[in-house]
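Line order of the protein sequences matches chains E and S.
Under the numbering used here, the letters of the first sequence match residues 1107 to 1401, in that order.
Under the numbering used here, the letters of the second sequence match residues 6 to 467, in that order.
To start, the structure itself, in structure tokens.
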Amino acid sequence: MYKICKAEKLAENIYLMDVEAPRVAKHCEPGQFIIVKMNEEGERIPLTICDYDKAAGTITIVFQIVGASTLEMSKMQAGDAFSDFVGPLGQPSEFVHEDIAELKNKKMLFVAGGVGTAPVYPQVKWLHEHGIEADAIVGSKSKDLLILEKEMESVSNLYVTTDDGSYKRKGMVTEVIKDLVQNQGKKYDVVIAIGPMIMMKFVCLLTKELGLPTIVSMNPIMVDGTGMCGACRLTVGAEVKFACVDGPEFDGHLVNFDEALKRQQLYKTDEGRALLKAREGDTHHGGCGNCGGDE
Amino acid sequence: MADVLKKVPVREQDAKERAVNFEEVCYGYDAKEAMEEAERCINCKNAKCIQGCPVAIDIPGFIQKVKEEKFDEAYQVISESSALPAVCGRVCPQESQCEGKCIRGIKGESVSIGKLERFVADQALEKGIRPEPPKERNGRKVAVIGSGPAGLTCAGDLAKMGYDVTIFEALHKAGGVLVYGIPEFRLPKDDVVAIEVDNVRSLGVKIETNVIIGKSTTIDELLEEEGFEAVFIGSGAGLPMFMSIPGENANGVFSANEYLTRNNLMKAFRDDHATPIMRGKKVAVVGGGNVAMDAARTALRLGAEVHIVYRRSEAELPARVEEVHHAKEEGVILDILTNPVAVLTDENDWVRGIRCVRMELGEPDASGRRRPVVIEGSEFEIEVDTVIMSLGTSPNPLISSTTKGLDVNKWKCIVADEEIGKTSKEGVYAGGDAVTGAATVILAMGAGRAGAKGVHEYLSNQ
Chain E
1107 MYKICKAEKL AENIYLMDVE APRVAKHCEP GQFIIVKMNE EGERIPLTIC
1157 DYDKAAGTIT IVFQIVGAST LEMSKMQAGD AFSDFVGPLG QPSEFVHEDI
1207 AELKNKKMLF VAGGVGTAPV YPQVKWLHEH GIEADAIVGS KSKDLLILEK
1257 EMESVSNLYV TTDDGSYKRK GMVTEVIKDL VQNQGKKYDV VIAIGPMIMM
1307 KFVCLLTKEL GLPTIVSMNP IMVDGTGMCG ACRLTVGAEV KFACVDGPEF
1357 DGHLVNFDEA LKRQQLYKTD EGRALLKARE GDTHHGGCGN CGGDE
Chain S
6 MADVLKKVPV REQDAKERAV NFEEVCYGYD AKEAMEEAER CINCKNAKCI
56 QGCPVAIDIP GFIQKVKEEK FDEAYQVISE SSALPAVCGR VCPQESQCEG
106 KCIRGIKGES VSIGKLERFV ADQALEKGIR PEPPKERNGR KVAVIGSGPA
156 GLTCAGDLAK MGYDVTIFEA LHKAGGVLVY GIPEFRLPKD DVVAIEVDNV
206 RSLGVKIETN VIIGKSTTID ELLEEEGFEA VFIGSGAGLP MFMSIPGENA
256 NGVFSANEYL TRNNLMKAFR DDHATPIMRG KKVAVVGGGN VAMDAARTAL
306 RLGAEVHIVY RRSEAELPAR VEEVHHAKEE GVILDILTNP VAVLTDENDW
356 VRGIRCVRME LGEPDASGRR RPVVIEGSEF EIEVDTVIMS LGTSPNPLIS
406 STTKGLDVNK WKCIVADEEI GKTSKEGVYA GGDAVTGAAT VILAMGAGRA
456 GAKGVHEYLS NQ
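In structure tokens, the structure reads:
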């Protein structure tokens, strides 16, 4: 069992947890992810690592309620435990293996969207700890949904934007990128964009235009996370890659986002039905016409 | 008097009924049937069946005990050589191993060794008979990677010799292919696999789940930091292969590994489990091995019309005859001499069919089987909403790429000696699919046994 030592609500539908997993904490690096399973009947849920404490042997995860399983997970408290927690999975971010002196000359721009802020944080934090300051854009739908602002501010040169303008800048992250590059004359060697797939797609369309190499972190459907099932396959350039073992980070200009976006829809009907059932409990009969009810 | 040339028939669940449930197909022998079948064994002095068994069970020895109604003693005889008799009695390809060598088979049907093994194991499981733990332990630590047939066998053998064995399993449940790959209707998980895994535990073997060697820790760390003196790698087959044809990433195309893992390990067929699975109406399974049969029969039970699409003829199907027979009985349709060239999709990128070509058999190829050749102009379409690719696997590089000095061959399989599983790295032994590429449960068990011998020799000489 993997004990939850801290459970916190960060924003509406977004939660943070510290989980005891010494083997994962000892080996994990920025860019990697874990798979968590609540109990015997639960599904294997892949989540990016938001932070880690090697001394305490804990991993911080951040997740958003998107289905019945994450809804159930959000109800777990400090002191509860997950039956399974495995990792670190995937390859660490490329820069982890680069020469620090060279990295210091590199201008990096991080672009985070929504819960994507969670996996961006350990990356900029790692760089900060190695004496490298990066720029970071965090985009959120609104002020209420903004997470980890203070944490991000302490380790990066931060630009916050909200879709509805309820806080700081107004507009999409792509507009901030344009502003920084075109109006403020900022130069970047690489952009690292993590967030909803649709956001990463549009960031890549823009950075391609601007001639900025871009790395994205893909979060497709997954089962085992060790390369065994192939559910997470993506087309990258002319090749089929498994996000779990080859990624999750890829050259964003080579990823076939349209295919990846469609593949993400595979179980949406099942997931939606399960979520409605979980939310409505005994009153769930499918009469609303939304999910069709149980067969 | 029954016909002595024929096996005592085994009772099975009716094909129509079982095609819609996940209960076990074969009921196995009862005591009377088992004793009657045991009488057919002529107890050869030079028993060929033992030579045919990768773990060399004293087959005539245990069958004599069955004749005498000493079932518990029969179980002890089997246990000396096999940690997983209830599993092997169900999934071993006996027809090409022990039973294939049986003298009875020359004039009639061989003795039903597999069904007798299963009977003996099942009655022991029911009674709660556990294998005896070793009386003395030497306290020396050995790590086993993977809790599939190779790992369980190696761990069991080493524990019996007194070693302090820990198995590291990447998934959340122990059993490897026995839990994620082989379906419930061929190999019940709770009643058979879980109990035989527990039997290995009762020998003193510890199993740590959720540890991915190469990620959560490494072989070098196990040896240098965690106090293990030797390691056996039984990490299994690896990554699923696809055909590299257009449309293969459409929604509705799955690897057999994914489809079976969702259903077997994650129990997607049960409403009380959260993992989803696509319940197609018409499914094409591409491939002709045992895994293809398992995927096809699973799809059938989830309510689909199922076609096996295979490029050679029925005679070349690599699957066991019994599996093909069961699949056909249940209503799986064989589309032989057929090869997909593209997956067809609708406007939303969901599968709507496959485009295939017809094949004919030409001259024998390197494998000795007649090479399938495309018939020109034979393209046609099959309408399906789900495609399951069952084309084999390629080795997982997780361990080989993170272990210093561990050699792999040109197919990226770990290089290990067949007799004792010795690899290029000192103190590291390997066996099973990680070495040979995808094979059978019993061959992996044989390799696990060889690896245990190798580890024991290595540690004894230190």
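Idealized CB from N, CA, C, for every residue including glycine.
query                                                                                                               : result
Counterpart residues of S/Cys31 in DSSP-defined beta bridges                                                        : S/Glu17
Limits of the alpha helix (DSSP H) - the one that S/Leu10 falls within                                              : Taken as a continuous stretch (DSSP letters only), S/Leu10 belongs to no alpha helix (DSSP H), as it is neither H nor E.
Residues within the segment 1317-1338 of chain E neighbouring chain S, beta-carbon criterion of under 9 angstroms   : Val1329, Asp1330, Gly1331, Thr1332, Gly1333, Met1334, Cys1335, Gly1336, Ala1337
Backbone secondary structure at S/His177 - three-state DSSP                                                         : coil
Candidates S/Pro245, S/Asp169, S/Phe385, of which the one nearest S/Leu349 by Cα                                    : S/Phe385
Residues from the segment 1142-1160 of chain E in contact with chain S, defined by Cβ distance under 8 angstroms    : Lys1143, Glu1147, Gly1148, Glu1149, Arg1150
7 angstroms Cβ cut-off: residues of chain E touching S/Thr280                                                       : Glu1149
Test: E/Tyr1121 CB closer than 8 angstroms to a CB of chain S                                                       : no
DSSP state of S/His312 mapped onto helix, strand, coil                                                              : strand
Helix, strand or coil at E/Leu1382 [DSSP, three-state]                                                              : helix
Chain S within 8 angstroms of E/Ser1175, Cβ atoms only                                                              : yes
Proximity below 8 angstroms, CB of E/Gly1219 to CB of E/Val1279                                                     : yes
Proximity winner among S/Ala332, S/Ala324, S/Lys72, S/Gly105, relative to S/Glu310 (alpha-carbon distances)         : S/Ala332
Residue span of the beta strand (DSSP E) that contains S/Val236, given as start and end                             : 235-238
Contact list for the segment 170-192 of chain S against chain E, Cβ threshold 7 angstroms                           : Ala175, Leu176, His177
E/Ala1344 versus E/Thr1313: straight-line alpha-carbon distance, rounded                                            : 20 angstroms
8 angstroms Cβ cutoff, S/Asn262 in contact with chain E                                                             : yes
Rounded separation between S/Leu448 and S/Pro59 - CA only                                                           : 6 angstroms
Contact the segment 130-143 of chain S vs the segment 216-236 of chain S: 3+ CB pairs below 8 angstroms             : no
S/Trp355 in three-state terms, based on DSSP                                                                        : strand
Within 8 angstroms, strictly: CB atoms of E/Gly1196 and E/Leu1381                                                   : no
For S/Val326 and S/Met394, the rounded distance between their alpha carbons                                         : 21 angstroms
Cα-Cα separation between S/Ser84 and E/Ala1187, rounded to whole angstroms                                          : 37 angstroms
Contacts of S/Pro245 in chain E (Cβ-Cβ under 8 angstroms)                                                           : Met1334, Cys1335, Gly1336
Distance, S/Asp63 Cα to S/Met450 Cα                                                                                 : 16 angstroms
Amino acids of chain E, ordered along the chain, whose beta-carbon sits closer than 9 angstroms to that of S/Thr222 : Arg1129, Lys1132, His1133
The ligand HEM heavy atom lying under 7 angstroms from the CB of S/Asp276                                           : With respect to small molecules bound, the structure shown includes none, and the ligand HEM cannot be examined in it.
Cβ of S/Val216 within 8 angstroms of any chain E Cβ                                                                 : yes
For E/Asp1400, the three-state DSSP class (helix, strand or coil)                                                   : The predicted model places E/Asp1400 with a pLDDT of 48, which falls under 50 and marks its position as unreliable; any figure quoted below should be read in that light. In this structure, E/Asp1400 counts as coil in the three-state DSSP scheme.
Residues that S/Thr266 contacts on chain E, provided the C-beta gap is smaller than 8 angstroms                     : Val1329, Asp1330, Met1334, Cys1335
According to DSSP, residues forming a beta bridge with E/Gln1170                                                    : E/Ile1120
Partner residues on chain S for E/Leu1286, Cβ-Cβ distance less than 7 angstroms                                     : Those do not exist, as E/Leu1286 stays about 35 angstroms from chain S at its closest Cβ, beyond 7 angstroms.
Under 9 angstroms (Cβ pairs) to chain E, residues found in the segment 396-414 of chain S                           : Thr398, Asn401, Pro402, Leu403
Residue-chain proximity (S/Asp299, chain E), Cβ-Cβ < 8 angstroms                                                    : no
Length of the line joining the Cα atoms of S/Ala444 and S/Pro323                                                    : 11 angstroms
Residue-level contact to chain S via CB, E/Phe1139, 8 angstroms cutoff                                              : no
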